[in-house]
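If you want my numbering, it's the 1-based position in the sequence shown plus 319. Glycine is no exception: its CB is placed at the ideal position from the N, C-alpha and C atoms. A quick write-up on the structure given underneath.
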Amino acid sequence: MSKQLTDIVIDALEDIKGKDIVTLNVSDLTDVTDTLVVASGASTRQVKSLAEHVVEEGKKAGFRPLGIEGMDGAEWVLVDYGDLVLHVMLPATRDFYELEKLWSVRPDDHTATEE
């Protein structure tokens, strides 16, 4: 389930121009989840839209989130799928919390290279 869901999440984020998308395999660090996906949105409106689009695309494939947090303020929205947790953040919020550094693993970068 986790690989299929990860692909759906990343594709949905890329569909509406999510930025700096990374995946973190944290299965050796915690029993709570296997994968974290972290992405940035340029505004609170985009952060909220990114999270909503991921949820919509996930539902089409049969994946329903266990919980969604942060939609009101939309500086940081968390979508919990159990095996995968998505964090969509404003760049300043992401810089402040440094989740990638907190989990101390090397992220897989899914940002498309510009030509």
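Which residues DSSP lists as bridging residue i, in chain order
i: MET408; result: SER359 and TRP395
i: GLU388; result: LEU397
i: LEU343; result: LEU355
i: LEU332; result: According to DSSP, LEU332 bridges with nothing at all.
i: LEU403; result: THR354
DSSP state of residue i mapped onto helix, strand, coil
i: LYS338; result: strand
i: GLU417; result: coil
i: GLY381; result: coil
i: LEU369; result: helix
i: THR287; result: Not covered by the structure: residue 287. The range shown for the chain is 320 to 434.
Integer-rounded CB distance, given that residue j should sit under 8 Å from residue i
i: VAL356; j: VAL328; result: 5 Å
i: HIS372; j: ALA331; result: 5 Å
i: TYR400; j: LEU421; result: About 20 Å; that fails the 8 Å criterion.
i: GLU394; j: LEU409; result: 5 Å
Cut-off 8 Å between Cβ atoms - residues of its own chain near residue i, not counting five sequence neighbours on either side
i: THR325; result: THR342, THR354, VAL356 and LEU403
Beta-carbon contacts of residue i that lie in its chain and below 7 Å, excluding the five residues immediately before and after
i: LEU369; result: LEU332, ILE335, GLY337, ALA358, GLY360 and VAL407
Cut-off 6 Å between Cβ atoms - residues of its own chain near residue i, not counting five sequence neighbours on either side
i: ARG413; result: SER359
i: THR349; result: none
i: VAL345; result: LEU355 and TRP422
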